[in-house]
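Participant:
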Amino acid sequence: MNNFFILFLYFFIYSVLGWIVETLYCRIGDGRWTNRGFLFGPYCPIYGFGALIVIYTLGYFIYSPIYVFVLGMLATSILEYITSFILEKIFNAKWWDYSNMKFNIKGRICLLNTLEFGILGLVILYGIHPIISTLISKIPSDLIQLISTVLLIIMTIDTCSTVISLLNLKEKLSLLYDLAEKIKSQNHLQHKLSDFYLYKELSEFRKNLISKRNIQIERLLDAFPNFEFKDFKKQLEEFKLDLHKFKEDLKIQKKLKKKNKD
Numbered sequence: 001m002n003n004f005f006i007l008f009l010y011f012f013i014y015s016v017l018g019w020i021v022e023t024l025y026c027r028i029g030d031g032r033w034t035n036r037g038f039l040f041g042p043y044c045p046i047y048g049f050g051a052l053i054v055i056y057t058l059g060y061f062i063y064s065p066i067y068v069f070v071l072g073m074l075a076t077s078i079l080e081y082i083t084s085f086i087l088e089k090i091f092n093a094k095w096w097d098y099s100n101m102k103f104n105i106k107g108r109i110c111l112l113n114t115l116e117f118g119i120l121g122l123v124i125l126y127g128i129h130p131i132i133s134t135l136i137s138k139i140p141s142d143l144i145q146l147i148s149t150v151l152l153i154i155m156t157i158d159t160c161s162t163v164i165s166l167l168n169l170k171e172k173l174s175l176l177y178d179l180a181e182k183i184k185s186q187n188h189l190q191h192k193l194s195d196f197y198l199y200k201e202l203s204e205f206r207k208n209l210i211s212k213r214n215i216q217i218e219r220l221l222d223a224f225p226n227f228e229f230k231d232f233k234k235q236l237e238e239f240k241l242d243l244h245k246f247k248e249d250l251k252i253q254k255k256l257k258k259k260n261k262d
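Per the working numbering, the very first residue in the sequence shown carries number 1; after that it's consecutive.
1) Between Arg36 and Trp19, which are expected to be in contact by the criterion C-beta below 8 Å, what is the C-beta distance as a whole number of angstroms?
2) Rank Leu71, Gly107, Gly118, Ile215 by C-alpha distance to the C-alpha of Glu88 and give the top, closest one.
3) Helix, strand or coil for Asn226? Go by DSSP, reduced to three states.
4) Does DSSP classify Ile132 as helix, strand or coil?
5) Taking the CB atoms as reference points, tell me whether Leu58 and Leu115 lie closer together than 8 Å.
6) Could you tell me whether the Cβ of Ile6 comes closer than 8 Å to any Cβ of chain B?
7) Does the Cβ of Gln282 have 16 or more other Cβ atoms within 10 Å, making it buried, or fewer, making it exposed?
8) Drop a sphere of 10 angstroms on the beta-carbon of Leu265, count the other beta-carbons inside from all chains shown, and report buried for 16 or more, exposed for fewer.
9) Look up Ala93 in the DSSP assignment and give the residues it is bridged to.
10) Alpha carbon to alpha carbon, how far is Trp95 from Leu221?
11) Name, in chain order, the residues that DSSP records as bridge partners for Asn104.
12) So, using beta-carbon positions, are Glu228 and Leu241 closer together than 8 Å?
13) In the structure shown, what three-state DSSP assignment does Thr57 receive?
14) When you compare the CB positions of Thr156 and Gln216, do they come within less than 8 Å of one another, or not?
15) State buried or exposed for Leu193, treating a residue as buried only when at least 16 other CB atoms are found within 10 Å of its CB.
16) Helix or strand or just coil, what does DSSP make of Arg219?
17) Give me the Cα-Cα distance between Ile82 and Ile109, rounded to the nearest whole angstrom.
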């Protein structure tokens, strides 16, 4: 059982380190800070799983950096592809899309990321993990168990909260879709009054959806710009536009309030 807690501690540490790498990488590329990752906390589980694969699978090839690099590229790319596929099937949504990148496979993985993962595998196996494993070996087993248990609870709550928020958003987008479909199906010459109330209901629903802000959803949409629900693409795009306008209006209001105080 103690091995499980050590394993989870490794997983958590590399998830945090992956989040740091991902955040810095996007800061350089996009010119702004973004809380990357599927979950709210400062960790990216896919990096934790990737690191464990590298450590416990490629450790057998530590005598050959070339093997580590090549197999690291292969293993982590398979992980990224499978993760993309599973998330897509669970939520019927696309999270990231590398279709505009050269040498990509169905937009799920691309050559550039694969090469970077291979380099990260080398850094982990030859540089970072020997240090981390030495440090963890000095921590008493009871303390490791306590730390791992607390972190596991935090990540579990974070995961449940994120999934619930996503399903809630999907349900609301579905209602928006149904309202829009009702309006389309109306005979505009015979049902003008009905159309009016449906448009009003649709407008009020959209306003209500934006006014009840969800930090978790806003962070996810910021972290995954290419995220889309396959069944509700138009509704999600409208939601993003409404959210952007709402934020801009808030900024203007704050500036006006500050100006009036001055």
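In this text, a Cβ means the ideal position worked out from N, Cα and C, and glycines have one as well.
On a predicted model such as this, the values are computed, not experimentally measured, just so you know.
Facilitator: The answer reads as follows:
1) Right, their Cβ atoms sit about 6 Å apart.
2) For the residues Leu71, Gly107, Gly118, Ile215, the minimum Cα distance to Glu88 belongs to Gly107.
3) Reduced to three states, the DSSP call for Asn226 is coil.
4) Assigned with DSSP and collapsed to three states, Ile132 falls in helix.
5) Contact flag unset, no.
6) Chain labels in this structure do not include chain B; a single protein chain is all it has.
7) With the chain covering only 1 through 262, there is no way to say anything about residue 282.
8) Nothing in the structure corresponds to residue 265, since the chain is present only between 1 and 262.
9) Ala93 has Phe229 as its beta-bridge partners, per DSSP.
10) Straight through space, the alpha carbons of Leu221 and Trp95 are spaced by roughly 9 Å.
11) The bridge partners DSSP lists for Asn104 are Cys110.
12) Taking 8 Å as the Cβ cut-off, Glu228 and Leu241 do not qualify as a contacting pair.
13) DSSP places Thr57 in helix when its eight states are reduced to three.
14) For Thr156 and Gln216, no; Cβs fall outside 8 Å.
15) For Leu193, the pLDDT reaches just 47, beneath the cut-off of 50, and the residue's location in the model is therefore unreliable, although a value from the coordinates is still provided. Leu193 comes out exposed.
16) Arg219 falls in the helix class under three-state DSSP.
17) Approximately 10 Å, taken between the alpha carbons.
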